[in-house]
Amino acid sequence: MSFFSFGQSAEIDVVLNDAETRKKAEHKTEDGKKDKYFLFYDGETVSGKVNVTLKSPGKRLEHQGIKIEFVGQIELYYDRGNHHEFVSLVKDLARPGEITQSQTFDFEFTHVEKPYESYTGQNVKLRYFLRATVIRRLNDISKEMDIVVHTLSTYPELNSSIKMEVGIEDCLHIEFEYNKSKYHLKDVIVGKIYFLLVRIKIRHMEIDIIKRETTGTGPSVYHENDTIAKYEIMDGAPVRGESIPIRLFLAGYDLTPTMRDINKKFSVRYYLNLVLIDEEERRYFKQQEITLWRKGDVVRKSMSHQAAIASQRFEGSAASESALERAAREESG
Amino acid sequence: MTDSTVADTRRLNSKPQDLTDAYGPPSNFLEIDVFDPQIVGVGRTRYTTYEVRMRTNLPIFKLKDSCVRRRYSDFEWLKIELERDSKIVVPPLPGKALKRQLPFRGDEGLFDPSFIDERRSGLEQFINRIAGHPLAQNERCLHMFLQDEGIDRNYIPGKV
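Chains as they are written, first to last, in UniProt numbering: chain A, 1 to 333; chain B, 1 to 160.
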């Protein structure tokens, strides 16, 4: 996003040092389109060059300073004016003065903390970006460059299955089981539904994945529910004693990791909704929360140390030890 | 060393199903027929009654096979009782057909065979939808409607 007014005397742009080698990740924009942005993890250094190009060389450009900022901010759509910045770093590139020819400035934000994952939702957006600015008296010349941040986790130490018996007295009793409570984004939900009592006429059964985005605090809390997926697991009427298997592959759906109370501004949680529908379109359902987390890919040698630092921040020392070990093993293996 | 890159998609263990459960009669049998319309009375005070026959194996109903005669206003009474006492959204009844009660019609008004059949079909749909609802099955009024000889309009509403 750049400021371009009539008679702008200079252009400013930002180029990363590792633009050739750094991976890009797809991220949905506010209007639903998917774009690719450079992918960063927590703790990684952000470095590059700011190019200030004069439109008509020879004409001097007076300025009150040139700077570059690294910003992480949360934007609530109903309160667009207030951006909540949780990361804000500045590097001054040039003191107030003038530029007589196009110039390039180096910058480096070393080991920047990026505590949250980039998120574009229905009512809130969390984004990270670099903003280079030439400060002038009347209007600044600036350019923003968005990046995408992913937060990684490792396999949780405690991952119990979800097993419950639910029902309506004398009408319907089922026992459902999901193999885990915490799933990574490319995981498979394996489970089963066991019918203990069936006195209603069931037509079919499905599992829905529901995403609930919660924004605001106190009295102005707003939940936005979105059904990400509907997956039919049974067609027809079951009888007592029947067991229906579940195998739901998560990789096919547009999911993000579970985000709890990010900077006390918003949450994104996921639920599995087991729905039974009877002959008269009556719906019987049971909702259960699951935790989604992002697993790091098998990383290249140069990245493994960075990724290990990244995962260290999320699971505590014991898990990070094993993450560092695993990174070392993968390098040598 | 287990290959953690391939997901474990094996089914969870489950008890093998007992053959008596697998091939036994379903425990959700409930069928209600509304048929045999009969015109009762003479002249202006005539009305139509229908036979309401219920067959079921649900334990909540005292009789597994019952047969009663009901008229349209009895269905209306049931709808009102359920709307007041139970928390369910009661499905609509077929129309009251007030226009058909006016004189000087080309056809037989309320006793026109095609109208009676339309109404019979609507009442059958209505009662089947209601009777299958677990919350409606708890109401005294539904059991009285389906299985008692007559409807006592002075009954004490309550749960079964």
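Backbone N, C-alpha and C define an ideal beta-carbon position, used for all residues, glycine too.
What residues in its chain sit with their C-beta under 6 angstroms from that of Phe200 (chain A), if we drop five residues either side in the sequence?
Going by the sequence as given, residue 200 (chain A) is Ile instead of Phe. Leaving aside the five residues that flank Ile200 (chain A) on each side, the residues in its chain whose CB is nearer than 6 angstroms to its CB run, in chain order, Cys171, Leu172, Asp278.
Just the chain A side, please: which residues come within less than 8 angstroms of Arg129 (chain B) by C-beta, in chain order?
Glu280
Taking 8 angstroms as the CB-CB limit, is Ala136 (chain B) close to chain E?
This model lacks chain E altogether; the protein chains it does include are A and B.
Which residues in the same chain as Pro245 (chain A) place their Cβ atom closer than 7 angstroms to its Cβ, once the five residues preceding and following it in sequence are excluded?
Lys192
State yes or no: is the beta carbon of Ile32 (chain B) nearer than 8 angstroms to at least one beta carbon in chain A?
no
I'd like to know if Lys28 (chain A) contacts chain B, where contact means its C-beta is closer than 8 angstroms to some C-beta of that chain.
no
Shorter than 8 angstroms from the beta carbon of Tyr194 (chain A) to some beta carbon of chain B?
yes
Run the proximity test for Leu276 (chain A): is its beta-carbon closer than 7 angstroms to any non-hydrogen atom belonging to the ligand ADP?
You won't find the ligand ADP in this model; it holds no ligand whatsoever.
Given a threshold of 16 other Cβ atoms within 10 Å of its Cβ, counted over all protein chains shown, does Asn225 (chain A) qualify as buried or as exposed?
exposed
Could you check if His150 (chain A) is buried or exposed, using at least 16 other CB atoms within 10 Å of its CB as the buried criterion?
Buried: at least 16 other Cβ atoms inside 10 Å.
Alpha carbon to alpha carbon, how far is Leu58 (chain B) from Pro238 (chain A)? Give it in angstroms, no decimals.
16 angstroms
If we ignore side chains and look at the alpha-carbon of each, how far apart do Arg81 (chain B) and Leu142 (chain B) end up?
One detail in the question is off: residue 81 (chain B) reads as Glu in this sequence, not Arg. Roughly 9 angstroms between the two C-alpha positions.
Does DSSP put His63 (chain A) in a helix, a strand or coil?
strand
Thinking C-beta only, is Glu108 (chain A) closer than 8 angstroms to Thr21 (chain A)?
no
For Glu139 (chain B), count neighbouring Cβ atoms within 10 angstroms of its own Cβ and tell me buried if that reaches 16, exposed if not.
buried
May I have a chain-ordered list of the beta strand (DSSP E) segments no shorter than 3 residues that lie completely inside the stretch 134-180 of chain A?
The stretch 134-180 of chain A contains these whole beta strand (DSSP E) runs: 141-149, 162-168, 172-178.
Across which residues does DSSP place Tyr23 (chain B) in a beta bridge pair?
Looking at the DSSP assignment, Tyr23 (chain B) forms no beta bridge with any residue, so it has no partner.
Return no unless some Cβ of chain B is closer than 8 angstroms to the Cβ of Asp170 (chain A).
At least one chain B Cβ lies under 8 angstroms of Asp170 (chain A).
With the cut-off set at 8 angstroms, would you say Leu126 (chain A) and Leu185 (chain A) are in Cβ contact?
no
What are the residues that DSSP puts in a beta bridge with Leu123 (chain B)?
For Leu123 (chain B), which the question treats as bridged, DSSP gives no partner whatsoever.
Is there at least one Cβ from chain A nearer than 8 angstroms to Asn154 (chain B)'s Cβ?
no
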